[in-house]
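Protein chains in written order, with this note's numbering: chain A, 8 to 308; chain B, 8 to 308.
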């Protein structure tokens, strides 16, 4: 079981090397992140994009791309399509977004012919290391799914469980986070949380996982707070996965902790046949490398 | 201008003393918070409730209530009504919820005859001291208004501006927080944020305040992140007030920072004729005392 990014890096670098196809790689920040990850032995790389510009950037900034495959594809949609095709054909094991916009890349990911569709909703899963917690915390979704319906939340939980099990968490426990512990018809998040727990009880998520809600943030993560509130739920205080009811909840939570607490973060898109690395310019170089490590560790070879 | 709780305590204790009416005071945790605040010279106190039980608790736990007024009113709705009446009559300057439930207390606060109505929506305003920020940050609403409409958001901003001006913030800047910086019709929070900025431009919030949105959390508070994103808005990076689009955003934000960052917090209900202290059992003794200090400093005498 992986409990920290240090453990994740060690485990990833000792696996048979995964190959990452980068869609539209001709961008300095993208190349820096990719070179950082390659140097740490986390991944092999195929750079799809404007090869001349890629080489120029690498030379100008002393980035060593000599061990990377280059595929020259100047037009952005074509570069995105080729990177996705490399993954669906098995030539690469994971995808990374370069300077192509997200919509263009996802159109290829969802393409019926060469895409990576599983029929499940794609969502962003953040994996966070919070020192006070002593374990990795998964959170979805602060960047992709705006206001998920109940059915979308079911898919998001399945995506999170896949990541949790991939990280070796034996009995992953998920909480659909709400603002209080009771079902209140005026608060849709509490109604959905109870419904998700029922779906879990009915077997929707399979064996070896748990879903419990409605629980608030403190009830989900803080055993003592849960006890103080009189909550006896076995998941309370032990959540591995926080499912957020709106994108704004996840977005503010993630950004507030990055800025004001001492945490380490990563994030990938889950729900396709292979992990997708989609970092933001606001991410630190460390966060970008963490995300590549996470995707590489979870990628199937 | 008050920049920290240390400054707030000093300023409050040097003001003419405010009187706080406590509705249903016969509860150990309530009495502990009240005695703590009284000892620090923050407030005079009138305890409305079961006087015999109040005295018994105080004696049993060595709490000094000798300087406090006691009004014997055993029945909870009657105690709530009397405490509210004390404030509306001017005999007290602020209200605190004891062990009466919130709905019962607010029914009296909103009573047409003896209540504290202003016609404006009541909301919870948290005031937080985040060391990295160097100023107090106001946030609404993590505990009261579930999914505010645009009109309710207007009232919430007015409440926040009242608190900010009460704390001496000269040109308070408010951001309706969203997950990104563009208006996206699929994200109601971004549509409302733009509408609130327009209402501000049209003069709805008066002179000497600013409203800017849509902005995400990092764009609102982090000048460098705003610059990095190419945001030139004058409020970006300088927000004093975060208006959250859903209760879950505020609730998770507040609880996550309390648990994982080194911050100080307080909170009051604003929008009535006088501040209302409404602490939760989950609040630390320090947070409870901070909230009483805040209400006392803002109360009009």
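For glycine and all other residues, C-beta sits at the position ideal for the given N, C-alpha and C.
Please read all numbers here as calculations on a predicted model, not as lab measurements.
- Spanning the alpha carbons of residue 239(B) and residue 231(B) requires a straight line of approximately 11 angstroms.
- For residue 237(A), the closest of 251(A), 161(A), 192(A), 187(A) by C-alpha to C-alpha distance is 187(A).
- The alpha carbon of residue 148(A) has as its nearest neighbour, out of 108(A), 252(A), 138(A), the alpha carbon of 252(A).
- Under the DSSP assignment, residue 101(B) falls in the beta strand (DSSP E) whose first and last residues are 101–104.
- Looking at 179(A), 173(A), 202(A), the one whose alpha-carbon comes closest to that of residue 185(A) is 202(A).
- Only buried fits residue 105(A), as 16 or more other CB atoms lie within 10 angstroms of its CB.
- Each residue's CA atom was taken as its position, placing residue 17(B) and residue 304(B) some 10 angstroms apart.
- Secondary structure of residue 235(B) (DSSP, three-state): helix.
- The three-state reading of DSSP puts residue 299(B) in helix, counting H, G and I together.
- For residue 272(B), DSSP records a beta bridge to 135(B).
- With 16 or more neighbouring CB atoms inside 10 Å of its own CB, residue 265(A) falls in the buried class.
- The way I'd put it, the stretch 58–70 of chain B doesn't touch the stretch 124–131 of chain B; fewer than three beta-carbon pairs between them come closer than 8 angstroms.
- Nearest in C-alpha terms to residue 167(A), of all of 212(A), 255(A), 36(A), is 212(A).
- By the neighbour-count criterion, in which a residue is buried when 16 or more other Cβ atoms sit within 10 angstroms of its Cβ, residue 96(B) is exposed.
- When Cβ-Cβ separations below 7 angstroms define contact, residue 34(B) makes no contact with chain A.
- Residue 81(A) sits exposed, since fewer than 16 C-beta atoms from the chains shown fall within 10 Å of its C-beta.
- Residue-level contact by beta carbon holds for residue 193(A) and chain B, with a gap shorter than 7 angstroms.
- In this structure residue 243(A) is in contact with residue 227(A), their Cβ atoms being roughly 7 angstroms apart against a cut-off of 8 angstroms.
- Near chain B, meaning a CB-to-CB distance below 8 angstroms, the residues of the stretch 229–253 of chain A are 229, 232, 235, 236, 251, 252, 253.
- Here residue 277(A) is bridged, per DSSP, to 130(A).
- For residue 163(A), the three-state secondary structure derived from DSSP is helix.
- Contact residues of the stretch 178–204 of chain B toward chain A are 184, 185, 186, 193, 194, 196 (C-beta to C-beta distance below 7 angstroms).
- Counting along the chain, residue 60(B) sits inside the alpha helix (DSSP H) bounded by residues 58–67.
- For residue 272(B), the closest Cβ of chain A is not nearer than 7 angstroms.
- Per DSSP, the continuous alpha helix (DSSP H) segment holding residue 259(A) begins and ends at 254–267.
- Comparing alpha carbon positions, the residue from 27(A), 220(A), 9(A) closest to residue 302(A) is 27(A).
- Within the stretch 256–280 of chain A, the residues whose Cβ lies closer than 9 angstroms to some Cβ of chain B are 256, 257, 258, 259, 260, 261, 262, 263, 264, 265, 266, 267, 268, 269, 270, listed in chain order.
- Ranked by Cα distance from residue 51(A), the options 241(A), 43(A), 57(A) are led by 43(A).
- Note that the stretch 258–274 of chain B does not touch the stretch 104–123 of chain B; fewer than 3 beta-carbon pairs, one per stretch, sit closer than 8 angstroms.
- Straight-line measurement puts the Cα of residue 140(B) at about 27 angstroms from the Cα of residue 288(B).
- The beta carbon of residue 225(A) sits closer than 6 angstroms to the beta carbons of 232 from its chain, once the five residues preceding and following it are set aside; these are given in chain order.
- Straight-line spacing of the CA atoms in residue 79(B) and residue 214(A) works out to 57 angstroms.
- Within chain B, the C-beta atoms nearer than 8 angstroms to that of residue 288(A) come from 235, 236, in chain order.
- Around the Cβ of residue 61(B), a 10 Å sphere holds 16 or more other Cβ atoms; the residue is buried.
- Its Cα nearest to that of residue 56(B), the residue 31(B) stands out among 12(B), 229(B), 11(B), 31(B).
- When Cβ-Cβ separations below 7 angstroms define contact, residue 208(A) makes no contact with chain B.
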